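To start, the structure itself, in structure tokens.
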Amino acid sequence: MYEFRDAEFGLVRVRVDSRARRLIFRVKEGVMVITSPAGYSLEQVRRSVDEYRGRLRRLMARGEAVQERCRLSVGDRIPCYGGDIALVAGVVRDRFLFRYEGDSLQVLCPPGADLNDPRVRKRLAQGVCRLLYRRAQELLPRRLAQVACRVGAEPRAVSIGRGRRKLGHCTRSREIQLSFYLMFLPEPLVDYVICHELAHLQQMNHGPRFHDLCNRYCGGQELALRKQLRAFTFLF
Numbered sequence: 001m002y003e004f005r006d007a008e009f010g011l012v013r014v015r016v017d018s019r020a021r022r023l024i025f026r027v028k029e030g031v032m033v034i035t036s037p038a039g040y041s042l043e044q045v046r047r048s049v050d051e052y053r054g055r056l057r058r059l060m061a062r063g064e065a066v067q068e069r070c071r072l073s074v075g076d077r078i079p080c081y082g083g084d085i086a087l088v089a090g091v092v093r094d095r096f097l098f099r100y101e102g103d104s105l106q107v108l109c110p111p112g113a114d115l116n117d118p119r120v121r122k123r124l125a126q127g128v129c130r131l132l133y134r135r136a137q138e139l140l141p142r143r144l145a146q147v148a149c150r151v152g153a154e155p156r157a158v159s160i161g162r163g164r165r166k167l168g169h170c171t172r173s174r175e176i177q178l179s180f181y182l183m184f185l186p187e188p189l190v191d192y193v194i195c196h197e198l199a200h201l202q203q204m205n206h207g208p209r210f211h212d213l214c215n216r217y218c219g220g221q222e223l224a225l226r227k228q229l230r231a232f233t234f235l236f
């Protein structure tokens with residue numbers, strides 16, 4: 001990886017990936033990150049930034065808007081599946097403490113902690129994810145069983161994974177894996193992912209028959225739910 005500075009966008013990070021076939025532009029924590037195929041020179045990357053500057057300006061603006069939505073502070077309550085996450089003031093210096101009160105995950109934050117500092121946010125996220133992963137082992141298989149019963153589907157087994165990009169997976173042996181990241185979603189989107197995987201029990205593709213079945217499982221709301229999921233911002 002290397003870096004350069006752009007007069008408009010500031011720091012730009014370039015990651016070289018031999019598997020990449022084209023330049024891919026993303027914004028991460030307010031910084032433009034470019035994935036480049038092997039063999040691209042710095043001058044070629046700079047020229048591409050100039051060529052797509054208008055689009056990249058809009059990409060940066062969207063990234064800043066997402067970053068603003070992701071800001072956290074003590075006192076926030078974050079809805080999650082089966083409860084919420086409450087960020088409360090703690091008294092232990094330099095340490096987050098976590099405990100459940102009913103269905104609410106209470107996060108006791110260190111005095112004066114900046115929850116939007118990347119290093120602090122990473123520690124916070126690690127603790128939250130650890131607790132929600134455990135809770136997912138109980139809640140998500142139960143919900144899958146309820147939805148499967150409603151639609152008449154019969155998965156062979158269910159397991160809980162840790163992937164964020166892939167929230168669900170169905171194998172040809174009829175085993176379904178659900179990511180614990182579903183715990184950050186509202187119930188309608190959790191059910192959408194479950195319905196999507198249950199539909200794969202009959203259609204191991206994404207063709208018209210699959211979407212017809214998935215849409216039926218979703219009560220005619222597949223497209224709307226898919227759009228909501230794509231627009232969802234994960235805070236951790």
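Residues in the sequence shown are numbered from 1 upward in steps of one, following UniProt numbering. Ideal Cβ placement from N, Cα and C applies to all residues, glycine included. Just so it is clear, the structure is predicted and the values come from calculations on it, not from any experiment.
Contact under 8 Å by Cβ, residue i with residue j
i, j, result
"Glu-3", "Val-16", "no"
"Leu-201", "Arg-165", "no"
"Val-147", "Asp-191", "yes"
"Arg-93", "Pro-79", "no"
"Leu-185", "Leu-72", "no"
"Glu-154", "Ile-176", "no"
"Ser-36", "Val-45", "yes"
"Leu-56", "Gly-83", "no"
"Cys-195", "Cys-170", "no"
"Ala-231", "Met-183", "no"
"Phe-9", "Met-60", "yes"
"Ser-41", "Leu-23", "no"
Residue range of the alpha helix (DSSP H) that includes residue i
i, result
"Glu-197", "187-199"
"Glu-51", "42-51"
"Arg-77", "Where Arg-77 is concerned, there is no enclosing alpha helix (DSSP H), although the beta strand (DSSP E) it sits in stretches over 77-80."
"Leu-177", "The question names Leu, but residue 177 is Gln in the sequence shown. Taken as a continuous stretch (DSSP letters only), Gln-177 belongs to no alpha helix (DSSP H), being part of the beta strand (DSSP E) at 175-179."
"Leu-131", "118-151"
"Cys-218", "From DSSP, Cys-218 is part of no alpha helix (DSSP H); its letter is neither H nor E."
Outcome for residue i when other beta-carbon atoms lying within 10 angstroms are tallied against a minimum of 16
i, result
"Tyr-81", "buried"
"Gly-152", "exposed"
"Met-32", "buried"
"Ile-34", "buried"
"Met-204", "exposed"
"residue 242", "What is shown of the chain runs 1 to 236, which leaves residue 242 out entirely."
"Ala-7", "exposed"
"Pro-208", "exposed"
"Ala-199", "buried"
"Ala-38", "exposed"
"Cys-149", "exposed"
"Val-91", "exposed"
"Arg-130", "exposed"
"Arg-121", "buried"
"Tyr-217", "buried"
Proximity test, residue i beta-carbon vs the ligand MN heavy atom, cut-off 7 Å
i, result
"Glu-51", "Looking for the ligand MN in the displayed structure turns up nothing, as the structure carries no ligands at all."
8 Å Cβ cutoff, residue i in contact with chain B
i, result
"Ile-160", "As a matter of chain content, chain B is missing from the structure shown, which is built from one protein chain."
Supposed contact pair residue j and residue i - C-beta distance, whole angstroms, cut 8 Å
i, j, result
"residue 252", "Phe-96", "Examination of residue 252 is not possible in this model, given that the chain is present from 1 through 236 alone."
"Gly-168", "Val-128", "At roughly 21 Å, the Cβ-Cβ gap does not stay under 8 Å, so Gly-168 and Val-128 are not in contact."
"Leu-144", "Leu-108", "Rounded, the Cβ-Cβ distance is 32 Å, inconsistent with contact."
"Ile-160", "Leu-140", "6 Å"
"Arg-19", "Thr-233", "Not quite, the Cβ-Cβ distance comes to about 27 Å (not below 8 Å), so this is no contact."
The beta strand (DSSP E) enclosing residue i, as first and last residue numbers
i, result
"Phe-4", "2-6"
"Asp-17", "10-17"
"Lys-28", "24-28"
"Pro-37", "31-37"
"Gln-203", "From DSSP, Gln-203 is part of no beta strand (DSSP E); its letter is neither H nor E."
"Leu-115", "Here Leu-115 belongs to no beta strand (DSSP E), and DSSP marks it neither H nor E."
"Gly-168", "168-170"
"Arg-95", "Here Arg-95 belongs to no beta strand (DSSP E), and DSSP marks it neither H nor E."
Segment contact flag, the segment 102-118 with the segment 79-89, C-beta cutoff 8 Å, min 3 pairs: yes
I want to know whether the segment 59-76 touches the segment 213-225 - three or more CB-CB distances under 8 Å. no
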